[in-house]
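In full-length UniProt numbering, the protein residues as written are 1 to 294. Have a look at the structure below before the remarks.
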């Protein structure tokens, strides 16, 4: 018994080639071309696809080493192909793009929103505005405050803004931010307590309570010096605002710090004419002479 080989059909005595491409038995990819051969067939991926013919994947022409579009065109990959479109400000088929008659007047300007378009001699250029940097098609804000040489004054705070910056003098200084001078807080309404000294410093000030007062300088309270007994032992202490006074007790004399006993018998003659006076510490005693009483 005779039987036709694979890829042929017939009764074995006579065999004819089977066209797998027309019978639908070929196993080529949907994106491949089937070619019938004697007793078999071949599969070849269509243009824009790659693979062995049985499996074909799209080729991204836009990501190849050499872009297929012009330098002033955008490439868009499609299924099995690609498209090239000239960028705003240019005209052509995408493979070749030339500047429009005046790209700067187009509604869809080719330049960035923060760039200026300049037309000259059938062409144009895009230049980022002051405060921005880039190629004109893309512009980003320049942070002037991070420059090696800050634009603001020595005693100022720099704040970056979109396309620019602001300078503000630090607390304790006044000016336009480019030049800042120290504020003498002590020459105006004193920020210190009325019982404190104000001393101006660079960018600030210092408050110090006067002698006889205590506190942080902004608030000062009277010191009661009598608590520590600054006077002599034979004197009384009286606290006053910011100070104190010492006065000797009765029977003593001095400045209150040093108090000496007063000899009343020698100065005042406080006793009767018929009595003897005896001085004591801080006082005196009178005793009637013999033959007298009282």
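Just so you know, even glycine gets a beta-carbon here, dropped at the ideal spot from N, CA and C. Note that this is a predicted model, so its numbers are computed, not measured.
The C-alpha of residue 115 lies about 27 Å from the C-alpha of residue 67.
In the DSSP annotation of this structure, the continuous segment of the alpha helix (DSSP H) that includes residue 23 starts and ends at 20 to 23.
The alpha carbon of residue 58 has as its nearest neighbour, out of 8, 45, 97 and 148, the alpha carbon of 45. In this structure, the straight-line span from the alpha carbon of residue 158 to that of residue 147 is close to 11 Å.
DSSP places residue 81 in the uninterrupted beta strand (DSSP E) bounded by 81 to 86. Look at residue 186 here: in three-state DSSP terms it is helix.
Boundaries of the beta strand (DSSP E) harbouring residue 133: 132 to 134, taken from the DSSP string.
Taking a contact to require three or more Cβ pairs closer than 8 Å, the region 228 to 248 and the region 171 to 191 do not qualify as touching. Under the three-state reduction of DSSP, residue 243 is assigned to strand. Exposed is the label assigned to residue 227, since fewer than 16 other Cβ atoms lie within 10 Å of its Cβ. Runs of the alpha helix (DSSP H) lying entirely within the region 198 to 262 and spanning at least 4 residues: none are present. The shortest CA-to-CA distance from residue 223 to any of 240, 236, 2 and 235 is the one to 240. Contact annotation: residue 125 and residue 136 have beta-carbon atoms nearer than 8 Å. Per DSSP, residue 267 is not a residue of any beta strand (DSSP E); the alpha helix (DSSP H) it occupies stretches across 264 to 267. Taking 8 Å as the cut-off, the Cβ atoms of residue 104 and residue 86 do not count as close. Inter-residue distance for residue 72 and residue 165 is about 34 Å (C-alpha atoms, whole angstroms).
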